[in-house]
Structures are given as C-alpha cells and as structure tokens.
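Working notes, structure below.
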Amino acid sequence: EQANGAFVYQYESAAAANQKFIRYRITFSHFRDGLSNTFLAGEKHILNWRLGIGYDTAVPLPAVERSADGSVFSGDDPHDSNRAAGVSYLLSSGPKAAGSLSFGSYHPIICGFIMADGSVRSISTSIDATNLGRFANRRDGEAIDYQD
5 EQANGAFVYQ
15 YESAAAANQK
25 FIRYRITFSH
35 FRDGLSNTFL
45 AGEKHILNWR
55 LGIGYDTAVP
65 LPAVERSADG
75 SVFSGDDPHD
85 SNRAAGVSYL
95 LSSGPKAAGS
105 LSFGSYHPII
115 CGFIMADGSV
125 RSISTSIDAT
135 NLGRFANRRD
145 GEAIDYQD
C-alpha cells in the first residue's frame with residue numbers, strides 16, 4: 005500500500021472504469037499520527053462554473069478544469085468526489101481558482117475539515133504545503149506545527 009490518506013480508492017478494472025471501491029480497510033490503528041492530526045474528509049473545491057456538473061470523459065478539458073460536482077455515494081465518476089492535499093495539492097483559494105483535485109471552500113480564507121477523531125477544524129487556505137501534507141498523511145510520523 006502506497007497511499008497514505010484516510011481513504012484509498014482503486015478502480016476495479018478497465019472495463020468498470022467508472023466504478024471505484026475502497027481498496028483497503030483502514031482502521032483507527034492505521035492512523036499513526038493521531039486521529040486529531042489527520043484529515044478524514046473536507047470540503048471539495050469545485051470551479052464555480054462546474055457546480056452541478058459531473059465529470060465527463062468525453063469532454064476534453066485541461067486537468068486544472070476537471071473538478072466536478074458529484075457524490076461518492078451515487079456511483080458518479082471518481083473525479084466527482086476525490087480530493088487530495090499536500091505539497092502538490094494546496095488548498096484552493098476560492099471558487100474561481102483553478103485546480104481539479106484540491107480541497108477548497110466558498111468560505112473566505114478557510115476550508116472545513118473533519119478530523120479522524122470526529123472534530124471539525126477550519127484550516128486557513130494559506131496553510132504551508134508542509135503542514136497541509138502532514139494533516140493529509142495518516143502515517144508520516146511528522147509533528148504538525150500549525151495553529152488555527
């Protein structure tokens with residue numbers, strides 16, 4: 005297992021490319037950095053002109069414009085609900101900001117997250133990449149130096 009987030013998705017097969025399933029059963033014991041220091045879920049960034057529009061593989065869009073509005077529970081394409089955080093995936097700065105896989109919010113300057121312990125935290129959209137990555141990684145063993 006190489007993924008280090010709270011959920012690990014995998015496509016079942018090329019024939020079932022639009023079907024995803026949770027590949028690993030991740031339990032609380034897998035959160036080595038502490039439940040209060042690890043993202044479980046967060047607000048997903050959706051470009052303001054993509055609200056209510058799902059991902060369509062037939063429409064060629066640049067990668068930064070592929071964020072889509074769909075649900076993990078409805079069988080929609082995985083691009084509709086998956087988001088990432090870390091050095092390569094900073095928090096979106098607002099509804100018009102590019103970025104297809106980032107977490108983000110329409111709230112000014114913050115993004116809401118549910119932590120693995122069930123608490124809710126507002127994280128500044130200007131958080132540094134290092135600490136953002138540490139919040140997103142359930143097993144890196146690194147201390148987080150961040151104050152709300």
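Numbered as in the working numbering, the sequence shown ends at 152 without a single skipped number.
All C-beta atoms, glycine included, are put in the ideal place defined by N, C-alpha and C.
Take Asn141, set aside five residues on each side of it, and the residues of its chain with a beta-carbon closer than 6 angstroms to its own are Asn8, in chain order. Residues of the same chain with a CB within less than 7 angstroms of the CB of Asp152, apart from the 5 flanking positions on each side, are Arg125 and Ser126 in chain order.
Boundaries of the beta strand (DSSP E) around Phe117: Ile114 to Met119.
Assigned with DSSP and collapsed to three states, Arg138 falls in helix.
Annotation: Phe117 to Arg36 spans about 19 angstroms, alpha carbon to alpha carbon. Under the three-state reduction of DSSP output, Leu44 falls in the strand class. Each residue's CA atom was taken as its position, placing Asp149 and Thr31 some 25 angstroms apart. Closest in C-alpha terms to Tyr93, from the list Gly137, Glu47 and Asn41, comes Gly137. The C-beta of Ile113 has fewer than 16 other C-beta atoms within 10 Å across all chains shown, which makes the residue exposed. For His111, the closest alpha carbon among the candidates Ser123, Ser96, His34 and Asn86 is that of Ser96. In this chain, the beta strand (DSSP E) harbouring Val124 covers Val124 to Ser128. In terms of Cβ geometry, Leu39 and Ala120 form a close pair [threshold 8 angstroms].
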